[in-house]
Amino acid sequence: MAAAAPAQAETEAKAHGFRRKLVGKVTSDKMNKTVTVEVIRNALDPVYKKYVRQRERYKAHDETNQYKVGDRVEITEHRPISRDKRWLVTKLVARPVEE
Numbered sequence: 001m002a003a004a005a006p007a008q009a010e011t012e013a014k015a016h017g018f019r020r021k022l023v024g025k026v027t028s029d030k031m032n033k034t035v036t037v038e039v040i041r042n043a044l045d046p047v048y049k050k051y052v053r054q055r056e057r058y059k060a061h062d063e064t065n066q067y068k069v070g071d072r073v074e075i076t077e078h079r080p081i082s083r084d085k086r087w088l089v090t091k092l093v094a095r096p097v098e099e
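Quick note: the sequence shown, position 90, residue 90 per full-length UniProt numbering, numbers continuous.
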């Protein structure tokens, strides 16, 4: 019975299908169990054919309140957790150097 539980968890994870993953910088950690992550992309302008910076901010769930302002993190799509939260922080990519 115990061996069936991990196998079932794997099939449940695969059943969700494709979930987007984004990398961004934590801009706010003032909320409890929530961080604001800013994702910056360069997109080609359709008229002028130049790359323009696009900024988007997401509220992501941080269960242990371990991520701080300035951290680069990876976030993954998730079912709605609250009114604004639809993302989970999955891993820390880089932490800024402190002197």
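Beta carbons: idealized from backbone N, C-alpha and C, even for Gly.
Since we're looking at a predicted model, the values are computed, not measured.
Each residue's CA atom was taken as its position, placing E98 and Q66 some 16 angstroms apart. A straight line joining the alpha-carbon of E56 with that of A43 spans about 12 angstroms.
If you draw a straight line from the Cα of V69 to the Cα of T36, it is about 9 angstroms long. When rounded, the separation of the alpha-carbon atoms in V93 and D71 is 8 angstroms. V52 is classed as exposed because its beta carbon has fewer than 16 other beta carbons within 10 Å across all chains shown. When secondary structure is reduced to three states using DSSP, V52 falls in the strand class. In its chain, beyond the 5 residues on either side, K59, H61 have a beta carbon closer than 6 angstroms to the beta carbon of K85.
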